[in-house]
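Here is the structure we will look at, set down as structure tokens.
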Amino acid sequence: MNSRPYTDFRNKLLGKRVDYDNFAGFQCVDLIKVYLDSCLGMGTIGRIGNASDIRENRYSYFNNTWEKIPGTNNLMQGDIIISTKGKYGHIAIVDHVANGKIFVLEQNGAGIDSGSGLGANAVRVQPYDPSFRAGVRRCKKIFDHLQLERAFIEQKVQKLSRELFALQQDLHNTTVYREGIRFKK
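Spelled out as structure tokens, the structure:
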């Protein structure tokens, strides 16, 4: 098993820019559309509107298969975090939570040169200020992705354990050999 849907998705897009719908440049919503289509397998995504529209559930992509997550204490990789701050809001994907900080995968999050997809507006992992959060949505499919991620990591740990055991054996053998040489002298 070699599948890591979210991790592969993130690594493929980091530092790049995406314009899913060829409308209004490289917006934060474009990254979400690519995520829904290529990572979650929801197919071609039509009009979503702005992040603030998504928060208000104006489009069906987030109605039936998505759970509303209250607060930020229970975030998981792959959750979509939405802010309604500003005229259009902002939307990003939860990448990980570490040391009490939320890190998101986002595009067009720099707040300047909007829609360019260049520099700090390219796809990046960035700390996210939870005070901007207006809503979190979770697709049930991310549980499947996390299971695949877990299986991948477990497989890697098993392989590394076998390699470590082999190296420990080699080290033991060289120590025994070295002591044998000393004994002969």
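First residue of the sequence shown? That's 46 in the working numbering, and the numbers climb one at a time after it.
Note that the Cβ used here is the ideal one computed from N, Cα and C, for glycine as well.
Quick caveat: nothing in here was measured; it's all calculated off a predicted structure.
Nearest by alpha-carbon distance to GLN122: which of TYR80, GLN213, ASN95, MET87 is it? Among TYR80, GLN213, ASN95, MET87, the Cα nearest to that of GLN122 belongs to TYR80.
Whole-angstrom distance between GLN152 and LEU76, CA atom to CA atom: 6 Å
Within the same chain, show all residues whose beta-carbon is closer than 7 Å to that of LYS146, passing over the 5 residues directly before and after it, in chain order. Contacts found: PRO172.
To which residues of the same chain is TYR65 closer than 6 Å at the C-beta, ignoring the five residues directly before and after it? In its chain, beyond the 5 residues on either side, ASP75, LYS78, VAL79 have a beta carbon closer than 6 Å to the beta carbon of TYR65.
Rounded to whole angstroms, what's the CA-CA distance from LEU216 to GLN192? Just pull it up for me. 36 Å
Count the other C-beta atoms from every protein chain shown that fall within 10 angstroms of the C-beta of ASP124, then say buried if there are 16 or more, exposed otherwise. The residue is buried, with at least 16 neighbouring Cβ atoms inside 10 Å.
Same chain, Cβ closer than 6 Å to ARG49, five either side skipped, listed in chain order: GLU194, PHE197
What does TYR173 pair with, by DSSP beta-bridge criteria? ILE147
Check LYS113 in the structure and name its three-state DSSP category. strand
With burial defined as no fewer than 16 other Cβ atoms inside 10 Å of the residue's Cβ, what is the status of ASP98: buried or exposed? buried
Here's a check: name, in chain order, each residue in its chain whose Cβ is nearer than 6 Å to the Cβ of ALA179, leaving out the five neighbours to either side. ARG100, ILE127, SER128, THR129
Coarse secondary structure for ALA165, derived from DSSP in three states: helix
Between which two residues does the beta strand (DSSP E) carrying VAL181 extend? Element bounds for VAL181: 180-184.
Hey, out of LEU209, ASP140, GLY160, ARG92, whose CA is closest to PHE54's CA? Checked all of LEU209, ASP140, GLY160, ARG92; the closest Cα to PHE54 is ASP140.
Per DSSP, which residues does HIS135 bridge with? Please list them. Answer is SER128.
Should VAL202 go down as buried or exposed, given a rule of 16 or more other Cβ atoms within 10 Å for buried? VAL202 is classed as exposed because its beta carbon has fewer than 16 other beta carbons within 10 Å across all chains shown.
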